[in-house]
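The listed protein sequences derive, respectively, from chains B and L.
Sequence positions in the first sequence follow my numbering and run 1 to 447.
Sequence positions in the second sequence follow my numbering and run 448 to 847.
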Amino acid sequence: MSIESNLRRVAHLLRRAGFGGSPDEIRSYAGMDFDQAVDHLVDYDAVANDALEASVADLEETLGTARLPAIQHIWLHRMLSTARPLEEKMTLFWHDHFATANYKVGRPPAMYAQIGLLRANAMADFGTLLRAVSRDPAMLRWLDNNTNRKSSPNENYARELMELFTLGSGNYTELDVREAARAFTGWFFNRDGEFVFNRNQHDFGEKTFLGQTGPWDGDDVLDIILQQPAAAPFIAEKLYRFFVHDHPSSDTIARLADQFRASGYSIRELVRAILHSPDFLSDDAYHGVVKSPAELFIGMMKQFGVREIPKSAPGLLRRMGMDLFNPPNVAGWDWGAGWISSATLLERANAAGLLTAQRGNNQKFGPNPAAIIDALGIRTPDQLVDALAQLLVDGDVSAATRAHLLQYVAHGYSGPTDAFFADPQRTDRAVRGAAHLIMITPVYQMA
Amino acid sequence: MVLAAAGAVPAFLSRTSRVVANSSASSPYGSDTILVVVQMSGGNDGLNMVVPFGLDGYHEARPTIGIDEDAVIPLEGAIGLHPEMGKLAELYRSGHVAIVQGAGYPNPILSHFQSMDVWHRATPDASIHDGWLADYLAATAGEAANPMYATSVTDVLSPALRGQGVTVASISSIENYQLRGDPRHPEDDQAFQDAATWIYGQDYGSQPLQSLVARTASSALASVAQVQGAVAAYRGSIEYPSFALANSLKTVAQLMAGNLGTRIYYVAFGGFDTHSAQAATHSRLLGGFSDSIDAFLRDVADQGKADRVLVMTFSEFGRRVHENASLGTDHGTAAPMLIIGSRVKGGLYGDHPSLTDLDANGNLKYGIDFRSVYGTVLEGWLGADQQATLGARYERLGFV
Numbered sequence: 001m002s003i004e005s006n007l008r009r010v011a012h013l014l015r016r017a018g019f020g021g022s023p024d025e026i027r028s029y030a031g032m033d034f035d036q037a038v039d040h041l042v043d044y045d046a047v048a049n050d051a052l053e054a055s056v057a058d059l060e061e062t063l064g065t066a067r068l069p070a071i072q073h074i075w076l077h078r079m080l081s082t083a084r085p086l087e088e089k090m091t092l093f094w095h096d097h098f099a100t101a102n103y104k105v106g107r108p109p110a111m112y113a114q115i116g117l118l119r120a121n122a123m124a125d126f127g128t129l130l131r132a133v134s135r136d137p138a139m140l141r142w143l144d145n146n147t148n149r150k151s152s153p154n155e156n157y158a159r160e161l162m163e164l165f166t167l168g169s170g171n172y173t174e175l176d177v178r179e180a181a182r183a184f185t186g187w188f189f190n191r192d193g194e195f196v197f198n199r200n201q202h203d204f205g206e207k208t209f210l211g212q213t214g215p216w217d218g219d220d221v222l223d224i225i226l227q228q229p230a231a232a233p234f235i236a237e238k239l240y241r242f243f244v245h246d247h248p249s250s251d252t253i254a255r256l257a258d259q260f261r262a263s264g265y266s267i268r269e270l271v272r273a274i275l276h277s278p279d280f281l282s283d284d285a286y287h288g289v290v291k292s293p294a295e296l297f298i299g300m301m302k303q304f305g306v307r308e309i310p311k312s313a314p315g316l317l318r319r320m321g322m323d324l325f326n327p328p329n330v331a332g333w334d335w336g337a338g339w340i341s342s343a344t345l346l347e348r349a350n351a352a353g354l355l356t357a358q359r360g361n362n363q364k365f366g367p368n369p370a371a372i373i374d375a376l377g378i379r380t381p382d383q384l385v386d387a388l389a390q391l392l393v394d395g396d397v398s399a400a401t402r403a404h405l406l407q408y409v410a411h412g413y414s415g416p417t418d419a420f421f422a423d424p425q426r427t428d429r430a431v432r433g434a435a436h437l438i439m440i441t442p443v444y445q446m447a
Numbered sequence: 448m449v450l451a452a453a454g455a456v457p458a459f460l461s462r463t464s465r466v467v468a469n470s471s472a473s474s475p476y477g478s479d480t481i482l483v484v485v486q487m488s489g490g491n492d493g494l495n496m497v498v499p500f501g502l503d504g505y506h507e508a509r510p511t512i513g514i515d516e517d518a519v520i521p522l523e524g525a526i527g528l529h530p531e532m533g534k535l536a537e538l539y540r541s542g543h544v545a546i547v548q549g550a551g552y553p554n555p556i557l558s559h560f561q562s563m564d565v566w567h568r569a570t571p572d573a574s575i576h577d578g579w580l581a582d583y584l585a586a587t588a589g590e591a592a593n594p595m596y597a598t599s600v601t602d603v604l605s606p607a608l609r610g611q612g613v614t615v616a617s618i619s620s621i622e623n624y625q626l627r628g629d630p631r632h633p634e635d636d637q638a639f640q641d642a643a644t645w646i647y648g649q650d651y652g653s654q655p656l657q658s659l660v661a662r663t664a665s666s667a668l669a670s671v672a673q674v675q676g677a678v679a680a681y682r683g684s685i686e687y688p689s690f691a692l693a694n695s696l697k698t699v700a701q702l703m704a705g706n707l708g709t710r711i712y713y714v715a716f717g718g719f720d721t722h723s724a725q726a727a728t729h730s731r732l733l734g735g736f737s738d739s740i741d742a743f744l745r746d747v748a749d750q751g752k753a754d755r756v757l758v759m760t761f762s763e764f765g766r767r768v769h770e771n772a773s774l775g776t777d778h779g780t781a782a783p784m785l786i787i788g789s790r791v792k793g794g795l796y797g798d799h800p801s802l803t804d805l806d807a808n809g810n811l812k813y814g815i816d817f818r819s820v821y822g823t824v825l826e827g828w829l830g831a832d833q834q835a836t837l838g839a840r841y842e843r844l845g846f847v
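Structure below.
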């Protein structure tokens, strides 16, 4: 399916550069031309987000940040309610990239602070981000740098820094790992959770790292890493795969890497270039990557206008394979096909069902069938199927699927089509059931 | 010592494309044998699990975190088990545990992810190959006949079980392993299930990821009734320890109760990346591991299936011989694999690698290619052709 209409392009953009759009958001972004909409998302510092920050402050006050479910809840709230969707999407990208897990760090406030640091530097230049991450207490604990001493260096941070954070394997040797570890000796944190440079534990001696010899410290190592030709394509390709699809051409990556390097490693300009590229609007990109559980879950809440994160949300995400603040290991989550297993697909389907079957007077979590029918002026079952398909998958359903959905909606009903919604019970079942079915389709699993 | 392997192992061969052959899947132990693969994620410190306490260099290399000689549970000669592994030691003494010492591969990789890939795909040029168990499934065509032929008790499917055209069920929670319709309207459920089955039965040919979703979900829906039936049939009375691996193994035992024709179960547990303050963490993990295996095997025996089950453990690598200054250990190479079951010919297999003649990074030199272990399990236990799965024939070890 291709992206011929602007509405569809904008829905696609909001799925990739955010967590999906509510109908209102899609309408509002569709009011700009597409390139303007991209820049509006990318230059998010100009977008006021005061209401969100105030509500986050309230949640921090009431829930605290001492427990994992609390900080998971607060982050999901941000994803749902932010006026700067790309800020939160980039924060998630960096959380996956610099994957740090509370199961080892054991301090939710430190994890929460790390996410704040990633958010604050999400679009900075990559060197600034690296210098910040290399001093982050949760990271120092996660990769054991707080015990990286002159007398016996601990290689953990040095190795993952090059393999997973900056260069990729094959672009350094075991000797480089050992020398980089020496450079980061004495980079500790104190009892108050603040970075400290412990001179007594730092190895001030000469190191030969990636061919350069000198009395390097951690910042020097980061500088030398960024001089390597492998650094720019490594990050450019990862971001391309995150935003576009999983089969970039080597020419495209080389071009993006050149721009990235030339811009002084500006992440913001790299992301801007990716979102403005023709590839982003190609048929291969459209509905071409698998939604992560966070995108799936926040997306469905936005589609139905749900404003409050339910208490069950962190657990639902965990069972779908994405325990926020607890990536499976330092390589982060396995994206794409890795999200798909029989267990996770049933969890996804059941999470959708939980939402569509939710009832109650306060529509905190769930659709309001009667309101949907009224708002969209739906008179017949086929209008319902088309409206829901539009809302949920930009209308990207085959004729056969549409026919089958219609058959489901109308099963057991033999009256005139325009009297179908006269019965509130029938309306309730039809809207909820059809929405649930569309939400378990393969295309709905795609961003 | 059954086999001194180093020189005898074939060179690292690159695998050719998968041979699809409908080989007979019968072994001397019958055509209904079951393999349970236990993945220990993070790089398990083999030297503090199967402890070479009497070998030269052990205590010198590990003055602080080494296991004291009077705490080790002695097995044979210089080799013993971690003190928390009493249950496993009992199984060893009953002759039900084979320990393959020094299992590894040439030119070892010290990256978690790349080394895990090597073990998952049984080849060094890992990224271009399917998982070794996926290859086994394709070669035996077992999974085509039964969607539960292999089952992963994990939420995310291991790459060992991922391959072209192979669909493996993964079940992390039996309770949630069903497609729920609207609980307010049970009268719609049949229509809902039918519609879902139709949706996943469609051809999404031009969309590979959507096709994967449809195929996986189709297979899930086809196995939901079996899985729920299995739980209903489970009458287990064994108490499992409170430990992640125990939960997974209990789920395996529950599924086994349903007699679903499953030949492969896959479980994983982690926490082994012990770069610092290793002792307490590792003790907890090994104690939990030992107790979980013991509970599981008793449960299996209760079901009358003890003779059909073989457990095989692996980790992506062992750890550095010398402890680091953080009272932990860095990434290493060769490590023991455990093969556990009532039909196993217990004992030590292969010589323990030297603790003083190390490679350039201070790591052990491997003795037995891990694919010899895979090959032995494939041929000797599952009755499969190892050539068809591994693309080469590796020397059989004698544990089955």
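For glycine and all other residues, C-beta sits at the position ideal for the given N, C-alpha and C.
This structure is a prediction, so every number in the text was calculated from the model and none was measured.
Residue i versus residue j - alpha carbon distance
i: L696 of chain L; j: Q611 of chain L; result: 28 Å
i: P7 of chain B; j: E770 of chain L; result: According to the sequence provided, residue 7 of chain B is Leu. The question's Pro does not apply to it. For L7 of chain B and E770 of chain L, the distance between alpha carbons rounds to 60 Å.
i: Q212 of chain B; j: F234 of chain B; result: 21 Å
i: Y796 of chain L; j: V847 of chain L; result: 12 Å
i: S739 of chain L; j: P688 of chain L; result: 6 Å
i: Q548 of chain L; j: N495 of chain L; result: 13 Å
i: R465 of chain L; j: A588 of chain L; result: With a pLDDT of 36 at R465 of chain L, under the threshold of 50, the modelled position of this residue cannot be trusted; read the value that follows with caution. Near 12 Å, if we compare the C-alpha coordinates of A588 of chain L and R465 of chain L.
i: D741 of chain L; j: A748 of chain L; result: 11 Å
i: S372 of chain B; j: R159 of chain B; result: According to the sequence shown, residue 372 of chain B is Ile rather than Ser. Whole-angstrom Cα-Cα distance: 53 Å.
i: S558 of chain L; j: G533 of chain L; result: 32 Å
i: E163 of chain B; j: I556 of chain L; result: 12 Å
i: R268 of chain B; j: L41 of chain B; result: 11 Å
i: V467 of chain L; j: A586 of chain L; result: Note that V467 of chain L scores 37 on pLDDT, short of 50, meaning its location in the model is unreliable and no value can be drawn from it.
i: L582 of chain L; j: S658 of chain L; result: Going by the sequence as given, residue 582 of chain L is Asp instead of Leu. Those two C-alpha atoms are separated by around 20 Å.
i: L384 of chain B; j: G433 of chain B; result: 11 Å
i: Y919 of chain L; j: F98 of chain B; result: Nothing can be reported for residue 919 of chain L, as the shown portion of chain L is limited to 448 through 847.
i: L143 of chain B; j: L161 of chain B; result: 10 Å
i: T709 of chain L; j: P381 of chain B; result: 44 Å
i: F304 of chain B; j: Q701 of chain L; result: 38 Å
i: L692 of chain L; j: F260 of chain B; result: 45 Å
i: D564 of chain L; j: P606 of chain L; result: 8 Å
CB-CB length for residue i against residue j, believed under 8 Å
i: L324 of chain B; j: A294 of chain B; result: 7 Å
i: H411 of chain B; j: A661 of chain L; result: About 22 Å; that fails the 8 Å criterion.
i: K238 of chain B; j: H202 of chain B; result: So it is not a contact: roughly 31 Å between Cβ atoms.
i: L580 of chain L; j: I787 of chain L; result: Going by Cβ atoms, the distance from L580 of chain L to I787 of chain L rounds to 18 Å, so no, they are not a contact pair.
i: E507 of chain L; j: L733 of chain L; result: Their Cβ separation, rounded to whole angstroms, is 23 Å, which puts E507 of chain L and L733 of chain L out of contact at 8 Å.
Under 9 Å (Cβ pairs) to chain L, residues found in the region 280 to 304 of chain B: If the cut-off is 9 Å between Cβ atoms, the region 280 to 304 of chain B has H287, G288, V289 and V290 near chain L.
Segments assigned alpha helix (DSSP H), at least 4 residues, entirely inside the region 236 to 270 of chain B: Runs of the alpha helix (DSSP H) inside the region 236 to 270 of chain B: 250 to 262.
contact_flag[the region 768 to 787 of chain L, the region 707 to 724 of chain L] where n(CB pairs < 8 Å) is 3 or more: The region 768 to 787 of chain L makes contact with the region 707 to 724 of chain L; the number of CB pairs closer than 8 Å reaches 3 or more.
Segment contact flag, the region 38 to 58 of chain B with the region 304 to 320 of chain B, C-beta cutoff 8 Å, min 3 pairs: No, the region 38 to 58 of chain B is not in contact with the region 304 to 320 of chain B.
Proximal residues, the region 618 to 647 of chain L versus chain B, C-beta separation under 9 Å: Those residues of the region 618 to 647 of chain L that come within reach of chain B (Cβ to Cβ, closer than 9 Å) are I618, S619, S620, N623, Y624, Q625, L626, R627, G628, D629, P630, R631, H632, E634, D635, A638, F639, D641, A642, A643, W645, I646 and Y647.
Give, in chain order, every residue of the region 189 to 209 of chain B whose Cβ lies closer than 7 Å to some Cβ of chain L. The region 189 to 209 of chain B vs chain L, Cβ under 7 Å: nothing.
Taking three-plus beta-carbon pairs below 8 Å as touching, is the region 187 to 197 of chain B in contact with the region 133 to 148 of chain B? Output reads yes: the region 133 to 148 of chain B touches the region 187 to 197 of chain B.
Do the region 338 to 357 of chain B and the region 661 to 677 of chain L make contact, defined as three or more Cβ pairs closer than 8 Å? The answer is yes - the region 661 to 677 of chain L touches the region 338 to 357 of chain B, with three or more Cβ pairs under 8 Å.
Assess, as a yes-or-no matter, whether the region 243 to 251 of chain B is touched by the region 203 to 223 of chain B under the definition of 3 or more beta carbon pairs within less than 8 Å. The region 203 to 223 of chain B makes no contact with the region 243 to 251 of chain B, as fewer than three CB pairs between them are under 8 Å.
Under 8 Å: do the region 87 to 104 of chain B and the region 226 to 233 of chain B share three or more Cβ pairs, one atom per stretch? Not touching, per the Cβ criterion.
With contact counted as at least three CB pairs below 8 Å, one residue from each stretch, are the region 495 to 507 of chain L and the region 517 to 537 of chain L in contact? The region 495 to 507 of chain L is in contact with the region 517 to 537 of chain L.
Just to confirm the assignment: which complete alpha helix (DSSP H) runs, minimum length 4, are found wholly within the region 261 to 315 of chain B? Segments of the alpha helix (DSSP H) lying fully in the region 261 to 315 of chain B: 267 to 276 and 293 to 303.
Assess contact between the region 619 to 630 of chain L and the region 350 to 357 of chain B, defined as three or more Cβ pairs (one per stretch) separated by less than 8 Å. Is contact present? The region 619 to 630 of chain L vs the region 350 to 357 of chain B: in contact.
Evaluate contact between the region 390 to 405 of chain B and the region 432 to 446 of chain B, counting only Cβ atoms and requiring at least three cross-stretch pairs below 8 Å. Proximity of the region 390 to 405 of chain B to the region 432 to 446 of chain B meets the contact definition, three or more beta-carbon pairs being nearer than 8 Å.
Compile a chain-ordered list of the residues in the region 539 to 562 of chain L whose CB is closer than 9 Å to at least one CB of chain B. Residues of the region 539 to 562 of chain L whose Cβ lies closer than 9 Å to any Cβ of chain B, in chain order: I556, L557, S558, H559, F560 and Q561.
Run through the region 614 to 697 of chain L for me and flag every whole alpha helix (DSSP H) of 4 or more residues, listed as ranges in chain order. Qualifying alpha helix (DSSP H) stretches, in chain order: 636 to 648 and 655 to 680.
Assess, as a yes-or-no matter, whether the region 296 to 303 of chain B is touched by the region 14 to 29 of chain B under the definition of 3 or more beta carbon pairs within less than 8 Å. Remark: three or more beta-carbon pairs, one from each stretch, lie closer than 8 Å, so the region 14 to 29 of chain B and the region 296 to 303 of chain B are flagged as touching.
Taking 8 Å as the cut-off, does the region 109 to 119 of chain B touch the region 65 to 81 of chain B (at least 3 CB pairs, one atom from each stretch)? With a cut-off of 8 Å, the region 109 to 119 of chain B and the region 65 to 81 of chain B count as touching, because enough Cβ pairs lie within range.
Below 7 Å between beta carbons is the criterion; list the residues of the region 830 to 841 of chain L that meet it against any residue of chain B, in chain order. For chain B, none of the residues of the region 830 to 841 of chain L brings a beta carbon within less than 7 Å of one of its beta carbons.
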